[in-house]
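Student: Protein chains in written order, with my numbering: chain F, 414 to 727; chain X, 6 to 448. Note that beta-carbon positions come from the ideal geometry of N, C-alpha and C, so glycine has one too. Note that the structure is a prediction, hence the values are computed from the model and not measured.
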Amino acid sequence: MSLPTPVARQDRRSRRKTRSTTLTPLFLFAPAALVLIAAVGYPLVRLVISSFQDFGLKSLFLGETSWVGFQNYINIFTSDDFWPVLLRTFAFAGACLVLTVGLGMMMSELMMRLNKPMRVALNVVLILAWAIPTVTATLIWQWLFQPPYGVVNWLITRLGIFGDFTDHNWLTTPGDAWIMVTLLVVWQGAPFIAFTLYAGQSQIPREYYEAAMLDGASGIKIYTTVTFPFLKAIIYLVSVLTIIWRFNIFNQIWILTRGGPEGGTTTLGIWSFREAFAGNDYGQGAAIAVVTAGILMLLTAFYVRRLVRSGEQL
Amino acid sequence: MKQSRALFGVTKRAAGFGAAVIASALVLSGCSSASPDGDALADEDRTLTVWFMQTGAFLDVTVPEVNKRFEELTGASVKVEVQQWDNIVTKLTTALSSDNPPDVVQIGNTNIQLFAANGAVRDLTDVLDELKHGVEWNESLESPSVVDGKVYAAPLRVSTYAIVYNKKMWADAGVVEEPETWEQFTAALDAVKAKNPATDFSALYLAGADWQSSMPFIYDAGGSFATLKGDEWVADVDSAKSIKGLEQYKEFQNTYSAASSQTASSTSPEGSSVMAELKASASIAGNPSVIVAIESGNPDIAGEIGSFPMPSMNNTGELAPVMAAGSVVSIAAKSKNADLATEYIKLLTSPEIQQDFVGLDNGAIPISPAYIDAIIDDVPEIHQAFYAAGKSGITLPASAGWATLEADNTLSDLFVQIATGARTVDEASKKFADHLNKVLNVG
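1. Is DSSP giving X:Ala226 helix, strand or coil here?
2. Near X:Leu119, what residues of its chain come up, given a Cβ to Cβ distance below 6 angstroms and the 5 sequence neighbours on each side ignored?
3. Going along chain X in order, which residues have a C-beta closer than 9 angstroms to the C-beta of F:Gly573?
4. Classify X:Met58 as helix, strand or coil using the three-state DSSP reduction.
5. Assuming X:Ser335 contacts X:Ile117 (C-beta within less than 8 angstroms), just tell me the rounded distance between them.
6. Does F:Pro546 get closer than 8 angstroms to chain X when you measure Cβ to Cβ?
7. Rounded to a whole number of angstroms, what is the C-alpha to C-alpha distance between F:Ile633 and F:Phe608?
8. With DSSP run on the structure shown, which of helix, strand or coil describes F:Gly696?
9. Give a yes or no on whether the C-beta atoms belonging to X:Ala1 and X:Thr52 are separated by under 8 angstroms.
10. Residue range of the beta strand (DSSP E) that X:Phe313 falls in?
11. Rounded to whole angstroms, what's the CA-CA distance from X:Val140 to X:Asp366? Just pull it up for me.
12. Using a C-beta to C-beta distance shorter than 7 angstroms, which residues of chain X count as neighbours of F:Thr585?
13. Using alpha carbons as the reference points, say which of X:Gln359, X:Lys341, X:Gly213, X:Thr429 lies closest to X:Asp104.
14. Could you tell me whether the Cβ of F:Asp580 comes closer than 8 angstroms to any Cβ of chain X?
15. Taking a contact to mean a Cβ-Cβ separation below 8 angstroms, would you say F:Pro674 touches X:Asp418 in this structure?
16. Determine the contact status of X:Ala369 and X:Phe75, defining contact as a CB-CB distance below 8 angstroms.
17. Taking the alpha carbon of X:Pro160 as the reference point, which residue from X:Met280, X:Glu275, X:Val333 has its own alpha carbon closest?
18. So what does DSSP say about F:Ala714, is it helix, strand or coil?
19. When the distance is taken between beta carbons, is X:Gly364 closer than 8 angstroms to X:Val384?
20. Spatial neighbours of F:Asn693 within its chain, please: CB distance less than 7 angstroms, with the 5 preceding and 5 following residues excluded, ordered by chain position.
21. Since X:Ile451 sits in a beta bridge, which residues does DSSP pair it with?
22. Mark F:Glu688 as exposed unless 16 or more other C-beta atoms lie within 10 angstroms of its C-beta, in which case mark it buried.
23. Spatial neighbours of X:Leu31 within its chain, please: CB distance less than 8 angstroms, with the 5 preceding and 5 following residues excluded, ordered by chain position.
24. Note down the Cα distance separating F:Leu709 from F:Val653, rounded to an integer number of angstroms.
25. In three-state DSSP terms, what is X:Gln88?
26. For a minimum of 3 consecutive residues, which ranges assigned as the beta strand (DSSP E) are wholly contained in the stretch 99-177 of chain X?
27. So for F:Gly677, helix, strand or coil by DSSP?
28. Identify the continuous beta strand (DSSP E) that holds X:Lys234 and give its terminal residues.
29. Checking 8 angstroms against the spacing of the C-beta atoms, do X:Pro356 and X:His138 come in under that value?
30. Among all the DSSP beta bridges, which residues are the ones paired with X:Leu5?
31. Taking only runs that begin and end inside the stretch 438-465 of chain F, name each unbroken alpha helix (DSSP H) of 4 or more residues, in chain order.
32. Looking at X:Ala369 and the ligand ATP, is the gap between the Cβ and the nearest heavy atom below 7 angstroms?
33. For X:Val66 versus X:Val85, is the C-beta spacing smaller than 8 angstroms?
34. Following the continuous alpha helix (DSSP H) through X:Val449, name the residue where it begins and the one where it ends.
35. I'd like to know if F:Gln691 contacts chain X, where contact means its C-beta is closer than 8 angstroms to some C-beta of that chain.
36. For a minimum of 4 consecutive residues, which ranges assigned as the alpha helix (DSSP H) are wholly contained in the stretch 603-648 of chain F?
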């Protein structure tokens, strides 16, 4: 065996170097990957598997599980509930998107213009609204809208525009129930968007505003030509997040309305839960969850693609 | 050389990490495989986990006594976990399917079919003689617990429904005699209503979602939820008789209960707290223990609560039928303490506990006609109405699918829809009938 020439050694050394540098990130990544696979991957695979099974109580207790192919999926798309539920989910996510992001933008602009004490006060209020756990906030909402003692009904009656609202039931019609749920979700969601946008807005160099003002631009003009272009990326991000969160909403609706009255507030998440846990048909519930995930992936594919591309540029 | 050491270092670290993962996995699995196997331990070191439902005085009076006797008898200790009724089927399913389930669970008599038919609870047929203590059990609690001739649960306590009312409020409105007919009953409520015109006052508080108290209207009119034809359940809730009953329910609810009650759930607020706050003069109570709850909620009206069985609306001179409700107890199929659990249930169904602590002290109704006969003379007069009402009990369709109607909210929604007028009785009952046909015949 001949000794390697210095050149060859040099070569191998650099090869080793490359191999070690490609392996190091892998090792560093491994713990996180393991945790992800265990915590996210396994349930996900399990979910997809059970969506192809007749998985009910008998499977849970007696281990009797049969494969049913695409039957659970066929049930979804042939169900009378499918289109109403899907449209409802889209409409709700859409309404929340417009209201939450709109409100968030306005509040962030407000924070820019307020003096310090008022800004601190607004911050505290927003943080409090945001920090209340979902379930607690929902229970508070229940009290607010409770006939005949709830503050909301009292307030509306006092306004004197809509007549006597003291005994108004907010759970009688789907329309009323949606108002109640949407107000709650927007109230809880707006602070996050306000803070995120404010963080972005406070980074915009003052010179741009000075220049715009020197040019005699009005408030709205300044917002649309200076602020908005800077915030566009952030608004885009929070919008995508809002859509994902509201599409999957569960707690608020379940506690307030249980998807009622007459299924009028049943979104995809509620539908899946009802099939799985009220009807004890976990396979059917899983199939609805998979379809929901599929729809969300389509919706966010564009965003993810952009994210990946911008990552490559960095 | 240096480079290769660095490379080796990385591998070593990774190997170390891998070893740590494997080691911790071994430790974890070691833990579970070494976990106490019931029989290997002395009773003194074992703990029996028992799930009871949130039911007021029962937990304060009956359960401590049972636990005391059980601990003296076996030396094992008892851990009681109190559960809320909300979403209980889901909670039970999750708990019973885990590897470490509660040993003894209380289950509503309308839900036991679901768990019995799917193997979630243990077959108690072999120990049935011990559990029965030589008496017959209440039919409406025993029959739902039987699947294919095997018994999966023992009854815990019976609930029957009677009217409880505030004697002082009724006397103030000029009503001094307890009504015996429907006409007298509604006349009394009319008088109380006229005397208390506030919009948040209910002459009789009846929550829209309280299907247990409301469903007797269907049966009083001669209708029912569903009837068994051959092997199949066929909805009857949209038949002419049932619709008549639901119309009568709507009129009664809308006339005597405050508008805000139309969408109210049966537990928030409880009828007893509405009465304690003097916002209602009467309510339909599922148990004599409700009287205890009202009086402890407002000590000022202690001794002023009366009760009588609800008269029938359509059959003059008879009592209205009421739902034969109650709870049963069973043992988780995966319980590691089945022997102790059996002992515990044996205590719960024993004559002393049932007569003294379930019946007399707690004000609930014992599980056997024999036990009732033994104490009937000692039962306080205001509890007697419940015993009388319990004679005409309605047994609900014995199908594993019934639990779905409770869990998916469609059952209470039926009554809410009708009470609020969001749907006509026709529409609401037709829609519910379709759902019922589907759900009751599953599996």
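Tutor: According to the structure data:
1. coil
2. Ala405, Ala408
3. What F:Gly573 touches in chain X: nothing, since even the nearest Cβ is about 18 angstroms away.
4. Residue state, collapsed to three classes: strand.
5. 7 angstroms
6. no
7. 21 angstroms
8. The answer is helix: DSSP assigns F:Gly696 an H, G or I state.
9. The requested residue 1 of chain X does not occur in the structure, where chain X is confined to residues 6 to 448.
10. 310-313 is the extent of the beta strand (DSSP E) around X:Phe313.
11. 21 angstroms
12. Thr268, Thr425, Ala427
13. X:Lys341
14. yes
15. yes
16. no
17. X:Val333
18. helix
19. yes
20. Gly469, Leu470
21. Because chain X spans 6 through 448 in this model, residue 451 of chain X falls outside it and cannot be assessed.
22. It counts as buried.
23. Residue placement at X:Leu31 is flagged as unreliable, the pLDDT there being 40, under the threshold of 50; the coordinate-derived value follows with that caveat. Taken in chain order, the list of residues that qualify is empty.
24. 10 angstroms
25. The answer is strand: DSSP assigns X:Gln88 an E or B state.
26. Listed in chain order, they are 109-113, 159-164, 167-171.
27. coil
28. Boundaries of the beta strand (DSSP E) harbouring X:Lys234: 231-234, taken from the DSSP string.
29. yes
30. The structure shown does not extend to residue 5 of chain X, since chain X is modelled only from 6 to 448, so the question has no answer here.
31. 455-463
32. Only the bare structure without any ligand can be found here, which leaves the ligand ATP out of the picture.
33. no
34. Limits of chain X in this structure are 6 at one end and 448 at the other, which puts residue 449 of chain X out of reach.
35. Contrary to the premise, residue 691 of chain F reads as Ala rather than Gln in this sequence. So yes, F:Ala691 belongs to the interface.
36. Counting only runs of 4+ residues, the alpha helix (DSSP H) found wholly inside the stretch 603-648 of chain F occupies 619-627, 632-635, in chain order.
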